[in-house]
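Note that the numbering used here has the sequence shown beginning at -16, numbered continuously upward.
From the three backbone atoms N, C-alpha and C, an ideal C-beta is built for every residue, glycine too.
Written below as C-alpha cells is the structure these notes are about.
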Amino acid sequence: MRIRLLPILLFGTLLVSLSSCLSKVVLEDDIILQQNETQIQQYISAKKLTTQKASNGVYYIITNPNPNGRVMSLGDTVRVHYVLSRLDGFKVDSSSILKNQPFTFYNNLANNNGGNTNIFLKMLPFMHEGEQATFILPSTLVGDSQGFPNLPANSPIRCDISFMKIYSEEVTIDEYVAKNKINITEKVTLVSTTTGYTNYLRYIRVKDGAADVITGKVAKLKYTGRLLNGFVFDSNISRTDSLNYTIGGTNSLVQGFAAGVAKMKLGEKATFIFASGLGYGRTGSGAKIPGESTLIFDVEMVALKDK
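Here it is in C-alpha cells:
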C-alpha cells in the first residue's frame, strides 16, 4: 500500500509546484498590468487628454474626426502616417512623414489570425478614413518590444496617427462598374489562393456561346488584358496564335482568368473583372502591371479541340 502511495504523493507534489509557478506568472502579469494602468492614467492626467478606453485595453482620442469616412474591412490596404513614442516623449518609430511615404498595412487573414502582434490592428479598427487620432497602448498590446529600439520591456506606448487612407479594390471595382453602367451577368465569390481572403469575379457575358466545354479539351482563346485606367498590358487579338487552355486541367493562368474561362462556352465572348488578389497580387507583374492592380480581360473562346 505504501509503494502505491509514493507515486501519488510525488504527482501531488508536482501539481502543487506547477500550480505555484503558474500563480507566480499570473501574479507578475497582473502587476505589470497594474503598473501600466497607473502610468497611463498619470500620463493622461498630466497631458489633460480626454480619452476613451476600448474593450481591448487601448486608450484613444480622435483628434480630427471624420465620422462619414470608411472603416477598415478585411482585405483592405490601409496607408497611415504615424509616430510611436514612449510616454516620456522619446520617439521610438515613425513613418517617413517628411518624404510623404506612409506606412502600408494590409488587413489580411495573416494579421487577423491568432498570435498577431501587429499593433496597427489594435488601433485602426477604431478610426474612420481621413481621421487623426492619438492612442495609448499598454505593453501587453505592443507585442515584442525587441522590434522597437529604445523601448524598455513592459513599457506602454503612445501612437499618433496623422493620416489614414483606406483602399479597397472591391469598392473601386463597384464604383467603376456603376460609373460605366456595366451589367454584371454573374458575381462569383472566390477565396484568393495567395491572400486567403474573399474576392469577387465580375463575369459579363457579351455574346452567347453555342456549346458547352468538355473536360480535357483544349480551348483556343483570344483575349485583351487591360487595367481600370484603360491601359492594355497584353493582347493576342492581332496575332495569329491563340492562348491554349485545357479545360479542367492544371493551367498557369491567374486565378481570376481561369475561373472566368471555366464558365465560358464555345463561341462565347465575355469580360472578366477581378481584384489583384485573383491576379498578380501586391507585387504586380513587370513594368506593365503594378502591384494591387485590378484586371479586366475581354475573352473569346474561338475553338475547342482535342489535345
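Per DSSP, reduced to three states, the secondary structure at E251 is coil, with no helix or strand assignment. Using a Cβ-Cβ distance cut-off of 8 Å, the region 158 to 174 and the region 82 to 89 are not in contact, since fewer than three pairs of beta carbons, one from each stretch, lie closer than that value. Counting only residues of its own chain and dropping the five nearest sequence neighbours on each side, G192 has a CB closer than 8 Å to the CB of M247, K248, L249, G250, E251, M284. Rounded to the nearest whole angstrom, the CA to CA distance from F280 to L204 is 11 Å. With respect to the C-alpha of T207, the residue from P108, V201, M147, R222 having the closest C-alpha is R222. Cβ atoms of V189 and L287 stay farther apart than 8 Å, at about 18 Å. For the pair S268 and V63, the Cα-to-Cα distance works out to about 25 Å. Using a Cβ distance threshold of 8 Å, Q115 and N47 count as a contacting pair.
In this structure, the CA atom of I256 is about 31 Å from the CA atom of F103.
T117 and I156 have their C-alpha atoms roughly 32 Å apart. When secondary structure is reduced to three states using DSSP, A258 falls in the coil class, being assigned neither helix nor strand.
Judged by DSSP secondary structure, V63 falls within the beta strand (DSSP E) whose first and last residues are 60 to 69.
Taking 8 Å as the cut-off, the Cβ atoms of C142 and L120 count as close.
DSSP lists I272 as the beta-bridge partner residues of S268. C-alpha of V282 to C-alpha of Q238: approximately 15 Å in a straight line.
The beta carbon of H111 lies closer than 7 Å to those of N49, P50, G52, R53, V54 in the same chain, with the five residues before and after it left out.
DSSP, reduced to helix, strand and coil, places T155 within a helical segment of the structure shown. Under the three-state reduction of DSSP, F240 is assigned to helix. Comparing C-alpha distances from T34 to each of V66, F109, S138 shows the shortest one belongs to F109. The shortest CA-to-CA distance from F240 to any of Q24, G199, V154, V171 is the one to V171.
Between P273 and the set F216, S235, P139, V244, the nearest pair of CA atoms involves F216. L211 is the residue among L211, S68, S138 whose C-alpha sits nearest the C-alpha of K271. Across the structure, F73 and K36 are spaced so that their CA atoms are roughly 23 Å apart. About 5 Å separates the Cβ atoms of V244 and Y228, confirming a contact at the 8 Å cut-off. When the alpha-carbon of N83 is set against those of V75, D71, Y65, L70, the nearest one is in Y65. Around the beta carbon of G260, a 10 Å sphere encloses 16 or more other beta carbons of the protein chains shown; the residue is thus reported as buried. Shown here for S151: same chain residues with a beta carbon closer than 8 Å to its own, the five before and five after excluded, namely R53, S56, G58, D59, T60 in chain order. By the Cβ neighbour-count rule, V41 is buried, with 16 or more other Cβ atoms within 10 Å of its own. In the three-state DSSP reduction, N219 falls in the coil class, being neither helix nor strand. Annotated three-state conformation of D224 is coil, per DSSP. The C-beta distance from P139 to N19 rounds to 5 Å, short enough to meet the 8 Å contact threshold. Going by DSSP, T181 is part of the beta strand (DSSP E) stretching over 181 to 190. For K105, the CB contacts under 7 Å within the same chain, skipping 5 residues up- and downstream, are N39, V41, L120, L124 in chain order.
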